[in-house]
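Numbering (our numbering), first residue to last: 1 to 166.
Structure first, then comments.
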Amino acid sequence: MWKQISNYFGRYPSQAKVAKLLLEQGLRVQEGRIYSGEIELGDVAIGKAAGVDRRIVRAAVETIQTSPELMRVFSKLKPTAFLRDVASEMGWSAIEIIPNNASTPGIIAEVTGIIATAGISIRQAIVTDPDLSTEPRLFIITDLAVPPELIPRLKNCRGVKSIMIH
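Right, dumping it as structure tokens:
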């Protein structure tokens, strides 16, 4: 997806940084403003996070708004609560799967199948987009602690390079 979107910002790498931040964070563009859910965010704050001036943020929003193709994407983005860092506080487990190749089909199906077979419920599964992340990952948050005997089975799944339990 990012490859298609980045074409619109080819001559404007600073605007591309803003657009990439909006995608990564699930920030929506609507009526010339940037929103996280229903909360409007200022250009200065977005610029600081992207490492650009607020005027670049404004220019990126204008570029997005003048393109119907970009608006079809950026007008529908939503932020997601990522539970990895609070899992241990809630008594859950967080499993991080590092793939050999994120494009390998079936990694999620095989890993979640093993977890389900063990009778463990999955609260959340999030995959970082290979186009947006230099090191894509699969994160699975489970209701119960992952038993040690499950770890070798998860490591042996097709496409799995390594596993970290948080």
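Here a beta-carbon is modelled for each residue, glycine too, at the ideal position from N, C-alpha and C.
Just so it is clear, the structure is predicted and the values come from calculations on it, not from any experiment.
If you check the CB distance, A45 and L21 do not come in under 8 Å. Listed in chain order, the alpha helix (DSSP H) elements of length 4 or more contained wholly in the stretch 2–66 are 2–6, 13–25, 43–50 and 54–65. Non-local C-beta neighbours of E110 in its own chain, meaning closer than 7 Å and more than five positions away in sequence, comprise C157 and R158, ordered along the chain. Restricting attention to F74, D43, G42 and E40, the CA atom closest to the CA of S6 is found in F74. Per DSSP, reduced to three states, the secondary structure at I163 is strand. For P68, the enclosing alpha helix (DSSP H) begins and ends at P68 to F74. Between A116 and L150, the beta carbon gap of about 11 Å keeps them out of contact (Cβ cut-off 8 Å). Between A87 and H166 the beta-carbon gap is near 6 Å, inside 8 Å, which marks them as a contact. The continuous alpha helix (DSSP H) containing L150 extends over residues L150 to K155.
A81 is the residue among P147, E31 and A81 whose C-alpha sits nearest the C-alpha of F139.
With fewer than 16 other Cβ atoms inside 10 Å of its own Cβ, D129 counts as exposed. In this structure, the alpha-carbon of S93 lies about 12 Å from that of A125. In the DSSP assignment, E135 falls outside any beta strand (DSSP E) and carries neither an H nor an E.
Taken atom to atom, the span from the alpha-carbon of E89 to that of L83 is near 10 Å. For S103, DSSP assigns no beta-bridge partner whatsoever. In the structure shown, the three-state DSSP call for S93 is strand.
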